[in-house]
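Below is one structure, written out as structure tokens; comments come after it.
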Amino acid sequence: AVLQSNSTFVAGPNNSSLIDDDDDELVDYFSTSVGDNDKAQFANTATPATDNAMPLSSSRWNVLEHNVRSLPLFYPLEQSAVFVPQASASILSARIAAILQSRSIAASFDAVNAKVDCVSKSRVEFRIRLYRGRGEYNHGIIAEVQRRAGFDFNYAHDVNAILDAAEGKNTKECEGIIPTIYHPETKGEEGIDCIDSLEGFECLQMISDILCPKDNSKVMIEHHNFAMASLSSLTSFDRMGERAVQISNELFTSERCADLRQYVLSHVSQDTNQTPSQCLMIQSLEILANVAKNFSHSPSRLVDLLSVNKNEIIAKLIVNIENAPINSHAGDLSCVILQNMFASRAVVENSIPSEYRERLVTSLIGAVSNGGECHAELQRHSQYCLERIV
418 AVLQSNSTFV
428 AGPNNSSLID
438 DDDDELVDYF
448 STSVGDNDKA
458 QFANTATPAT
468 DNAMPLSSSR
478 WNVLEHNVRS
488 LPLFYPLEQS
498 AVFVPQASAS
508 ILSARIAAIL
518 QSRSIAASFD
528 AVNAKVDCVS
538 KSRVEFRIRL
548 YRGRGEYNHG
558 IIAEVQRRAG
568 FDFNYAHDVN
578 AILDAAEGKN
588 TKECEGIIPT
598 IYHPETKGEE
608 GIDCIDSLEG
618 FECLQMISDI
628 LCPKDNSKVM
638 IEHHNFAMAS
648 LSSLTSFDRM
658 GERAVQISNE
668 LFTSERCADL
678 RQYVLSHVSQ
688 DTNQTPSQCL
698 MIQSLEILAN
708 VAKNFSHSPS
718 RLVDLLSVNK
728 NEIIAKLIVN
738 IENAPINSHA
748 GDLSCVILQN
758 MFASRAVVEN
768 SIPSEYRERL
778 VTSLIGAVSN
788 GGECHAELQR
798 HSQYCLERIV
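All residue numbers for the sequence shown refer to our numbering, where the first residue is 418 and numbers rise by one.
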């Protein structure tokens, strides 16, 4: 469904902009007096009173009035945009930064160009940009949300929350993500130790055939991403219900899935800055986090799983938490995995090697601070781990 804004701007096609929006500077090729127009509009822009809709952000996205350029002529504005009359650039940017934090959306802020590049928890990439209105709309600011890559049904919830926050509306009711839950008609009678039908195993086998071909043929990165995304969905309790527990058990205990299991774990512990491999690392962390949630009733199984190869995976999780300011999603997923391993205090004492404990505590303290500024779920999950280990 197309997201409607409250403004009367006409939306154009998604990919036919006359603006090279990938550049750092927004250039209006059809206006010769942008600077003068902007100055006049700044003078006519009233600063609203105190904002009570939600707590304001600090200096994460400190956009000033002169940073917000006029909407370029003939610019095909997205329908996922809203016009905010009498808006102050600083308050509007603070509202948006605050809703991004509360919804745990990773963001890279650019105050000079009044834009922020975002990645949602479901890995949808999008950009938020502020423009000053023209003509009869020169008394306010436009906030536009433009999807760049990826797709997820929950993206619409994120966009609606961002636009509502920009307008100063109460966003408490739309915080978080609404899970797509699969409710099976009947539960398997054999418990979680095996899959109660061939359907789940066949899915795992197809994914294994893609990721671990017997002939060692090269697999395209698109096939990797599709297979890993499918495996992430299969192991998600929110999406698959009790079947996810059965599939997780099959994936991480069955000899039939040994190659697939090794593939996932190898990418969890992979140390790379390359974009394709980093995407596979995030997907592997998502799968392991799903499995950790499904195994939370038996944390000792998680300890055995994460302690392979001289605690290589645990060491990588700590590195991810240390690097949370750079990659908050990886840091948060790492905290989720440890959180489920720490479900039992008896396990906590023996699960983290002594040489890693001090480093983990330090990284968790930093993650709590960083999460409070930029990523709510990172703050909550790291705080839980910190309380369990200290």
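All C-beta atoms in this analysis are idealised placements derived from N, C-alpha and C, irrespective of residue type, glycine included.
Own chain partners of I782 with C-beta closer than 8 angstroms, once the 5 adjacent residues on each side are dropped:
L803
Using a threshold of 8 angstroms, state whether the C-beta atoms of I806 and V753 are closer than that.
no
Taking only three categories from DSSP, how would you classify S505?
coil
Pick out the complete alpha helix (DSSP H) segments inside the region 521 to 576, 4 residues or longer, and give them in chain order.
none
Would you report the Cα separation of N642 and E775, rounded to the nearest angstrom?
35 angstroms
DSSP state of N787, grouped into three classes?
helix
Here's the rule: buried if 16 or more other CB atoms are within 10 angstroms of the residue's CB, otherwise exposed. What is A566?
exposed
At 4 residues or longer, what runs of the alpha helix (DSSP H) sit wholly inside the region 630 to 693?
638 to 651, 654 to 657, 659 to 670, 675 to 685
Burial state of R486, where buried means 16 or more other Cβ atoms lie within 10 Å:
buried
Which of helix, strand or coil DSSP assigns to L494:
strand
Proximity below 8 angstroms, CB of V808 to CB of A560:
For the chain, the structure presents residues 418 to 807; residue 808 sits outside this window and is missing.
Looking only at its own chain, which residues have a Cβ that is under 6 angstroms from the Cβ of H640, when we skip the five neighbours before and after it?
I627
Starting from the C-beta of S717, find all residues in its chain whose C-beta is less than 7 angstroms away, skip the five residues before and the five after it, and write them out in chain order.
V764
Could you check if N550 is buried or exposed, using at least 16 other CB atoms within 10 Å of its CB as the buried criterion?
The residue asked about is misnamed: residue 550 is Gly in this sequence, not Asn. G550 is buried by the Cβ-count criterion.
Return the CA-CA distance between Y801 and L777, expressed in angstroms with no decimal places.
13 angstroms
Kindly indicate which three-state DSSP category T597 falls into: helix, strand or coil?
Low confidence applies to T597: its pLDDT is 46, below 50, so where it sits in the model is not reliable enough to give any reading.
Beta-carbon contacts of L677 that lie in its chain and below 7 angstroms, excluding the five residues immediately before and after:
L621, I624, S625, L628, C629, L668
Expressed to the nearest angstrom, what Euclidean distance is found between the alpha-carbon atoms of W478 and Y680?
39 angstroms
Environment of G748 [buried if 16+ CB atoms lie within 10 Å]:
buried
Pair every Cβ in the region 703 to 723 with every Cβ in the region 511 to 527, then say whether three or more of these pairs are closer than 8 angstroms.
no
What are the partner residues of F500, as DSSP defines its beta bridges?
I559
Given a cut-off of 8 angstroms, decide if H792 and S745 are closer than it, judged by their beta-carbon atoms.
yes
Please confirm whether S665 and F618 have their CB atoms less than 8 angstroms apart.
no
For G585 versus R512, is the C-beta spacing smaller than 8 angstroms?
yes
In three-state terms, what does DSSP make of S487?
strand
N- and C-terminal bounds of the alpha helix (DSSP H) containing A732
725 to 739
Which term fits V685, buried or exposed, when burial requires 16 or more other beta carbons within 10 angstroms of its beta carbon?
buried
Got a sec? Which residues, its chain only, sit under 6 angstroms from S683 by beta carbon, not counting five neighbours each side?
none
Assign M637 to one of two classes, buried (16 or more other C-beta atoms within 10 Å of its C-beta) or exposed (fewer than that).
exposed
How is P770 classed by DSSP in three states: helix, strand or coil?
coil
Helix, strand or coil for L803? Go by DSSP, reduced to three states.
helix
Neighbourhood of M645 by C-beta distance below 6 angstroms, restricted to the same chain and skipping five residues each side:
Q700
Just how far apart, CA to CA, sit T652 and V536?
22 angstroms
At the level of alpha carbons, what is the spacing between V785 and G552?
45 angstroms
From F491, L494, V533, residue whose alpha carbon lies closest to that of S510:
V533
Just mark P489 as buried or exposed, buried being the case when its beta carbon has 16 or more other beta carbons within 10 Å.
buried
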